[in-house]
Amino acid sequence: MTATLEPRTTQQVAPPNGTSKRRSLTKRVSPFTYVALTFMTFISVFPFYWMYVVASNGSEEISKIPPSLTPGGNFPHVVKTITEAVPFWHAIFNTAAVSTVIAVSNVFFSTLAGFALAKLRVPGKRGMLLFIIGTMMLPAQLGVIFMYMVMSWLNWINDFKALVVPAIVGAFGVFWMRQIIDSQLPNELLEAARIDGASVFRIYRSIVVPTVMPAAFVLGLFSFLGTWNDYLWPSLVLNDPERFTVQVAITQLNNSYTVDYAANMGAALLGTTPLLLLFIFVGRRLVAGVMEGAVKG
Amino acid sequence: MTTATTATVPRRRRRLSAIARQDRVGLFYVAPFFVHFVLFGAIPIVFTTALAFFNADFQTYYDFITTHQLSVLTNAFAGLENFRELFKDSYFWLALRNTFSIWLISTVPQLVIAFGLASLLANARLRASTFWRTVLMVPNITSVLAVAIVFQQLFGRDFGIVNVLLHYVGQKPVEWVAGTIPSHAAIATMINWRWLGYNSLIFLAAILAIPKELYESASLDGASRWQTVRYVTIPQMKNTITFMLVMGTIGGLGLFVEPLTYGGGFDGGANSQFLTMTLYLYKQAFMNQRLGYGAAIGVGITLVVMVISAINFMITRRIAGEESK
Numbered sequence: 001m002t003a004t005l006e007p008r009t010t011q012q013v014a015p016p017n018g019t020s021k022r023r024s025l026t027k028r029v030s031p032f033t034y035v036a037l038t039f040m041t042f043i044s045v046f047p048f049y050w051m052y053v054v055a056s057n058g059s060e061e062i063s064k065i066p067p068s069l070t071p072g073g074n075f076p077h078v079v080k081t082i083t084e085a086v087p088f089w090h091a092i093f094n095t096a097a098v099s100t101v102i103a104v105s106n107v108f109f110s111t112l113a114g115f116a117l118a119k120l121r122v123p124g125k126r127g128m129l130l131f132i133i134g135t136m137m138l139p140a141q142l143g144v145i146f147m148y149m150v151m152s153w154l155n156w157i158n159d160f161k162a163l164v165v166p167a168i169v170g171a172f173g174v175f176w177m178r179q180i181i182d183s184q185l186p187n188e189l190l191e192a193a194r195i196d197g198a199s200v201f202r203i204y205r206s207i208v209v210p211t212v213m214p215a216a217f218v219l220g221l222f223s224f225l226g227t228w229n230d231y232l233w234p235s236l237v238l239n240d241p242e243r244f245t246v247q248v249a250i251t252q253l254n255n256s257y258t259v260d261y262a263a264n265m266g267a268a269l270l271g272t273t274p275l276l277l278l279f280i281f282v283g284r285r286l287v288a289g290v291m292e293g294a295v296k297g
Numbered sequence: 298m299t300t301a302t303t304a305t306v307p308r309r310r311r312r313l314s315a316i317a318r319q320d321r322v323g324l325f326y327v328a329p330f331f332v333h334f335v336l337f338g339a340i341p342i343v344f345t346t347a348l349a350f351f352n353a354d355f356q357t358y359y360d361f362i363t364t365h366q367l368s369v370l371t372n373a374f375a376g377l378e379n380f381r382e383l384f385k386d387s388y389f390w391l392a393l394r395n396t397f398s399i400w401l402i403s404t405v406p407q408l409v410i411a412f413g414l415a416s417l418l419a420n421a422r423l424r425a426s427t428f429w430r431t432v433l434m435v436p437n438i439t440s441v442l443a444v445a446i447v448f449q450q451l452f453g454r455d456f457g458i459v460n461v462l463l464h465y466v467g468q469k470p471v472e473w474v475a476g477t478i479p480s481h482a483a484i485a486t487m488i489n490w491r492w493l494g495y496n497s498l499i500f501l502a503a504i505l506a507i508p509k510e511l512y513e514s515a516s517l518d519g520a521s522r523w524q525t526v527r528y529v530t531i532p533q534m535k536n537t538i539t540f541m542l543v544m545g546t547i548g549g550l551g552l553f554v555e556p557l558t559y560g561g562g563f564d565g566g567a568n569s570q571f572l573t574m575t576l577y578l579y580k581q582a583f584m585n586q587r588l589g590y591g592a593a594i595g596v597g598i599t600l601v602v603m604v605i606s607a608i609n610f611m612i613t614r615r616i617a618g619e620e621s622k
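Below you can see the structure in the form of structure tokens.
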């Protein structure tokens, strides 16, 4: 096994004389680059800071000229307003649970299908792949009306099944995992396992899963974030406050008050904070995943 | 391929077919996706399309599922009436124009700036490159709803920061909600804020994947910086650009959470100045309870998406296809 892999690895290393040439080609980084990137960083972070500024000052402080640009001491009060109006902590828990289930099932079904489409001799596999890419181009809103009717027929309104079941697997995940498995899993490894007489599922479990774990984790993250941030579908199928997801709870607040900016912004911030905390730990992997999954060439 | 081959081939084929037989289990691996797609993708789409030919509200629907009387359906059958109405519906055409306007002022600057940022990030000598890349991704993890809430405040007429800043440079306050173009610009800003970093990273990945030899030969040929971008970078990124245009079109034409939150309702502003197509679909289907008409709007949106995707495809072929040879 090692013997077959060896020549490949040496080929991938670039010839040494190429590197020196390449160096001379890269331009010096101009100060403008750093100014531009710092500006972009400010733009990216400012809205979060602003959420806190408004939420911690209360609407009156913000409604004057000049508005205060620094946080005030009102944040606990705003949090209390929010949690009294809607069961917000409940909503956070609901959303975390639903998002986790959807993320795990997406990862499982997508790696399985992606493996079959990338490496197994399955009849009609090219056609299947084209079909999957095609389904990604369908506008999602087209089926919503009928889906809603089905959910009410199944009595799934206010049931988390209405969120989970339609989302357990999706075209994007399958396509993405197929691309990843196709490029990251060496055929030699697969051949060797076959010669050793491993069953297909055994290959999946012992070779595919460990190899593509980082990419599968990123897919899980995407799916988690997508569910966490989904707004339309949950707001249609959930109307019992105890069942609200975070996004539905935030809108509820928006509707039940005469635009209370402080409460709105506070809720938006509370609903985003878990993701920001998560991002601190997984941001780098997410970035790597986005770039890995990008269509190249 | 059939008979005239050497003796080793049949044996090889037998070995392969053993693998092929074993691999057939792969059909079960892809089956969950397809079963799920039929149940939650295809059937809803087909039936929603069918619904467009009926004059149906929720009552019609409940009557049908409780009585199981076909006459309920035949009575509600409307033929092409919904489509005829849609064709004459000035709100739908207004929504189409608004959607296009917002999509245009969000897509074009976004892709240009993202490309610029990606070129800055692609420099191998850039310090703290991981930090910059990661920070650019932060807006993308935020929910559309949270983004809309913040920007709604930032673009507030009287006390929003944007107008306050304009006041200090001696400008009159802009009607960011009541005005047509200003409201489109505000909504486009929300979209741009959320997607700029993500798109930069996609462009960056594509730039980094371009073989360095192409740049070397371009510089040996004495190509200018602009010529290098035009004849090396852009053609090499053909697939990425096509992909982003197609996905951006689908996302852009499906736009509705931003205008919904920004206007605080399904009307898209007091004069429907930022009513979008999908917002109109939900307004008709779920607010006015006109499921059939909502479905017809959905069919209309799909036709628009298909036409635009085809145009996109031809344009990207034109731009990048010929020069890449």
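One line per chain: the protein sequences are B and Y, in this order. Per this note's numbering, residue 1 is the first one in the first sequence, and the count goes up by one each step. Per this note's numbering, residue 298 is the first one in the second sequence, and the count goes up by one each step. Ideal placement from N, C-alpha and C gives every residue a C-beta, glycine not left out.
Can you tell which of B/Asp182, B/Ile145 and B/Val164 has the C-alpha that lies nearest to the C-alpha of Y/Met584?
In the second sequence, residue 584 of chain Y corresponds to position 287, counting from 1. When only C-alpha atoms are compared, the closest one is B/Ile145.
Verify whether the separation of the beta carbon atoms of B/Asn229 and B/Val169 is less than 8 Å.
Along the first sequence, one-based indexing puts residue 229 of chain B at 229. Along the first sequence, one-based indexing puts residue 169 of chain B at 169. Contact flag unset, no.
Inspect the beta-carbon positions of Y/Gly545 and B/Gln141 and report whether they are closer than 8 Å.
Locating residue 545 of chain Y in the second sequence gives position 248, where the first residue counts as 1. Locating residue 141 of chain B in the first sequence gives position 141, where the first residue counts as 1. For Y/Gly545 and B/Gln141, no; Cβs fall outside 8 Å.
With a threshold of 8 Å between beta carbons, is B/Leu225 in contact with chain Y?
Locating residue 225 of chain B in the first sequence gives position 225, counting from the first residue. So yes, B/Leu225 belongs to the interface.
C-alpha distance - Y/Leu600 paired with Y/Ala411, whole-angstrom precision
Translated into positions along the second sequence, residue 600 of chain Y becomes position 303. Translated into positions along the second sequence, residue 411 of chain Y becomes position 114. About 29 Å.
For the alpha helix (DSSP H) containing Y/Phe610, name the first residue and the last one.
One-based indexing of the second sequence puts residue 610 of chain Y at position 313. Element bounds for Y/Phe610: Leu588 to Thr613.
Three or more C-beta pairs closer than 8 Å, one from the stretch 490 to 510 of chain Y and one from the stretch 434 to 449 of chain Y: is that the case here?
yes
Quick check on DSSP: helix, strand or coil for Y/Glu620?
Taking the second sequence and counting its residues from 1, one reaches residue 620 of chain Y at position 323. For Y/Glu620, the predicted model reports a pLDDT of 47, less than 50, meaning its position is unreliable and no value from the coordinates is stated.
Going by beta carbon distance, what residues of the same chain come within less than 6 Å of B/Ala215, once the five residues before and after it are set aside?
For this step, residue 215 of chain B is matched to residue 215 along the first sequence. Taken in chain order, the residues that qualify are Ile180.
Going by C-alpha distance, which of B/Ser56, B/Leu69 and B/Met137 is nearest B/Leu269?
In the first sequence, residue 269 of chain B corresponds to position 269, counting from 1. Ranking B/Ser56, B/Leu69 and B/Met137 by Cα distance to B/Leu269 puts B/Ser56 first.
Excluding the 5 residues preceding and the 5 following B/Pro123 in the sequence, name in chain order all residues of the same chain whose CB lies nearer than 6 Å to its CB.
In the first sequence, the residue the question calls residue 123 of chain B occupies position 123. Taken in chain order, the list of residues that qualify is empty.
For Y/Leu576 and Y/Pro479, the rounded distance between their alpha carbons
One-based indexing of the second sequence puts residue 479 of chain Y at position 182. One-based indexing of the second sequence puts residue 576 of chain Y at position 279. C-alpha separation (whole angstroms): 19 Å.
DSSP state of Y/Phe351 mapped onto helix, strand, coil:
Within the second sequence, numbered from 1, the residue matching residue 351 of chain Y stands at position 54. Strand, per DSSP.
Against Y/Tyr358, what residues of chain B qualify as contacts under a CB-to-CB distance less than 7 Å, listed in chain order?
Taking the second sequence and counting its residues from 1, one reaches residue 358 of chain Y at position 61. The contacting residues are Met149.
Reduced DSSP secondary structure (H/G/I, E/B, other) of Y/Phe456
As a working note, residue 456 of chain Y is residue 159 in the second sequence. Here Y/Phe456 sits in coil by DSSP.
For B/Leu278, which residues from the same chain have a beta carbon less than 7 Å from its beta carbon, with the 5 sequence-adjacent residues on both sides left out?
Within the first sequence, residue 278 of chain B is the residue found at index 278, counting from 1. Once the five neighbours on either side are set aside, B/Leu278 has no close Cβ partner at all.
Just curious, the alpha helix (DSSP H) that Y/Ser387 is in, first and last residue?
Locating residue 387 of chain Y in the second sequence gives position 90, where the first residue counts as 1. Looking at the DSSP string, the run of the alpha helix (DSSP H) that includes Y/Ser387 is Ser387 to Leu418.
Cβ-heavy atom distance between Y/Trp492 and the ligand SAM below 7 Å?
Summarising the ligand content, the structure contains no ligands, and the ligand SAM is consequently not present.
Once DSSP output is grouped into helix, strand and coil, what is the label at B/Phe160?
Here the question's residue 160 of chain B lines up with position 160 in the first sequence. Three-state result, B/Phe160: coil.
How many angstroms separate the CA atom of Y/Gly562 from the CA atom of Y/Arg321?
Here residue 562 of chain Y refers to the residue found at position 265 of the second sequence. Here residue 321 of chain Y refers to the residue found at position 24 of the second sequence. Those two C-alpha atoms are separated by around 52 Å.
From the beta carbon of B/Leu185, is the nearest beta carbon of chain Y less than 8 Å away?
Mapped onto the first sequence, residue 185 of chain B falls at position 185. It does not: the Cβ of B/Leu185 has no partner Cβ on chain Y nearer than 8 Å.
Spatial neighbours of Y/Arg454 within its chain, please: C-beta separation below 7 Å, excluding the five flanking residues on both sides.
What you label residue 454 of chain Y is simply residue 157 of the second sequence in a count that begins at 1. Once the five neighbours on either side are set aside, the close Cβ partners of Y/Arg454 are Asn460, Pro470, Glu472, Trp473 and Val474.
Under 7 Å from the C-beta of Y/His333: neighbouring residues of chain B:
Here residue 333 of chain Y corresponds to residue number 36 of the second sequence, with the count starting at 1. Ordered by position in chain B, the residues that pass the 7 Å Cβ test against Y/His333 are Ile168 and Val169.
Can you tell me the Cβ-Cβ gap for B/Ile43 and B/Ala267, rounded? I've got them flagged as a contact below 8 Å.
Position 43 of the first sequence, counting from 1, holds the residue named residue 43 of chain B. Position 267 of the first sequence, counting from 1, holds the residue named residue 267 of chain B. Actually they are not in contact, since the Cβ atoms of B/Ile43 and B/Ala267 sit about 23 Å apart, beyond 8 Å.
Using a Cβ-Cβ cut-off of 8 Å, state whether B/Leu190 counts as contacting chain Y.
For this step, residue 190 of chain B is matched to residue 190 along the first sequence. Not closer than 8 Å to any Cβ of chain Y, the Cβ of B/Leu190 fails to qualify, so no.
CB of B/Leu130 within 8 Å of CB of B/Leu117, strictly
Within the first sequence, the letter at position 130 stands for residue 130 of chain B. Within the first sequence, the letter at position 117 stands for residue 117 of chain B. Cβ atoms of B/Leu130 and B/Leu117: not closer than 8 Å.
With DSSP run on the structure shown, which of helix, strand or coil describes Y/Phe374?
The count along the second sequence starts at 1 and reaches residue 374 of chain Y at position 77. Strand at Y/Phe374.
Considering Cα atoms alone, identify which of B/Leu189, B/Ala162, B/Trp50 and B/Val35 is closest to B/Phe75.
Counting from 1 along the first sequence, the entry for residue 75 of chain B is found at position 75. Checked all of B/Leu189, B/Ala162, B/Trp50 and B/Val35; the closest Cα to B/Phe75 is B/Trp50.
Cβ closer than 8 Å: which chain Y residues qualify as neighbours of B/Ala140?
Counted from its first residue, the first sequence places residue 140 of chain B at position 140. What B/Ala140 touches in chain Y: Gly551.
Would the stretch 163 to 178 of chain B count as touching the stretch 370 to 386 of chain Y if we require 3 or more Cβ pairs under 8 Å?
no
With a 10 Å radius around its C-beta and 16 neighbouring C-beta atoms as the bar for buried, classify Y/Trp490 as buried or exposed.
Numbered from its first residue, the second sequence carries residue 490 of chain Y at position 193. Buried.
DSSP three-state label for Y/Leu433, please.
Counting from 1 along the second sequence, the entry for residue 433 of chain Y is found at position 136. The answer is helix: DSSP assigns Y/Leu433 an H, G or I state.
Whether or not the stretch 84 to 93 of chain B and the stretch 181 to 188 of chain B are in contact is what I'm after, with contact meaning three or more pairs of Cβ atoms, one per stretch, closer than 8 Å; do they touch?
no
Counting Cβ pairs, one atom from each stretch, are 3 or more of them under 8 Å apart for the stretch 438 to 454 of chain Y and the stretch 509 to 524 of chain Y?
no
In whole angstroms, what is the alpha-carbon distance linking B/Ile133 and B/Phe175?
For the purposes of this step, residue 133 of chain B is taken as residue 133 along the first sequence, with counting starting at 1. For the purposes of this step, residue 175 of chain B is taken as residue 175 along the first sequence, with counting starting at 1. For B/Ile133 and B/Phe175, the distance between alpha carbons rounds to 7 Å.
Does the Cβ-Cβ distance between Y/Glu555 and Y/Met487 come in under 8 Å?
Here the question's residue 555 of chain Y lines up with position 258 in the second sequence. Here the question's residue 487 of chain Y lines up with position 190 in the second sequence. Against a cut-off of 8 Å, the Cβ pair of Y/Met487 and Y/Glu555 comes out as a contact.
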